[in-house]
Ligand SMILES: [Zn+2]
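Residue numbers (the working numbering): 52 to 183.
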């Protein structure tokens with residue numbers, strides 16, 4: 052079990068930029084091809100922008116052409132929660148950070164890896180740390 056990080060909405064607003072708050076706490080989506088990590092090819096780790104948990108490693112990132120950072124798998128299964136999302140007239144699987152329950156993006160069954168998954172994640176939910 053992951054220890055949860057629980058902050059009040061005021062604390063989140065203080066900690067996050069308005070864009071991060073909109074995505075992580077309100078389930079927003081950044082516009083395609085606008086996120087700062089969409090084209091990032093550096094080696095390193097993508098952490099949760101809300102709580103710092105390592106979520107996705109650069110070696111699972113690939114160019115899906117979707118306009119958002121895309122990964123074939125999270126760094127650890129327990130790092131993320133997957134939740135059925137029926138908003139916007141679609142049935143999708145939402146991906147949340149397991150520790151702070153921040154909204155990250157969605158997972159789709161059209162990825163290239165052995166599991167066939169595409170984790171489509173907002174740059175605003177992530178904080179990249181390059182490898183040493
Ligand atoms: Zn988090």
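Heads up, the beta-carbon is just placed ideally off N, CA and C, and yes, glycines get one too. Here the structure is a predicted model, which is why all the values come from computation and not from measurement.
Paired residues, beta bridge with residue 121 - DSSP: For residue 121, which the question treats as bridged, DSSP gives the partners 113, 171.
beta-carbon residue 104 near ligand 1 non-hydrogen atom, thresh 7 angstroms: A heavy atom of ligand 1 is found nearer than 7 angstroms to the CB of residue 104.
Reduced DSSP category for residue 105 - H, G, I as helix; E, B as strand; rest coil: When DSSP states are grouped into helix, strand and coil, residue 105 belongs to the strand group.
Burial state of residue 107 (16 or more Cβ within 10 Å): Burial state of residue 107 is buried, judged by a 10 Å Cβ sphere holding 16 or more other Cβ atoms.
DSSP-derived helix/strand/coil call for residue 69: The answer is helix: DSSP assigns residue 69 an H, G or I state.
Inter-residue CB distance, residue 132 and residue 147 (contact presumed, cutoff 8 angstroms): The pair is a contact, with the Cβ atoms about 5 angstroms apart (cut-off 8 angstroms).
Which of helix, strand or coil DSSP assigns to residue 78: In the structure shown, residue 78 adopts coil according to DSSP, grouped into three states.
Residue 151 versus residue 104: straight-line alpha-carbon distance, rounded: Residue 151 and residue 104 have their C-alpha atoms roughly 9 angstroms apart.
Residue 161 (DSSP reduced to helix, strand or coil): DSSP, read as helix, strand or coil, puts residue 161 in coil.
Whether residue 149 touches residue 129 by CB criterion (8 angstroms): At a Cβ-Cβ threshold of 8 angstroms, residue 149 and residue 129 count as neighbours.
Local Cβ density within 10 Å of residue 139, reported as buried at 16 or more and exposed below that: So residue 139 ends up on the exposed side.
Beta strand (DSSP E) segment containing residue 183, residue limits: Taken as a continuous stretch (DSSP letters only), residue 183 belongs to no beta strand (DSSP E), as it is neither H nor E.
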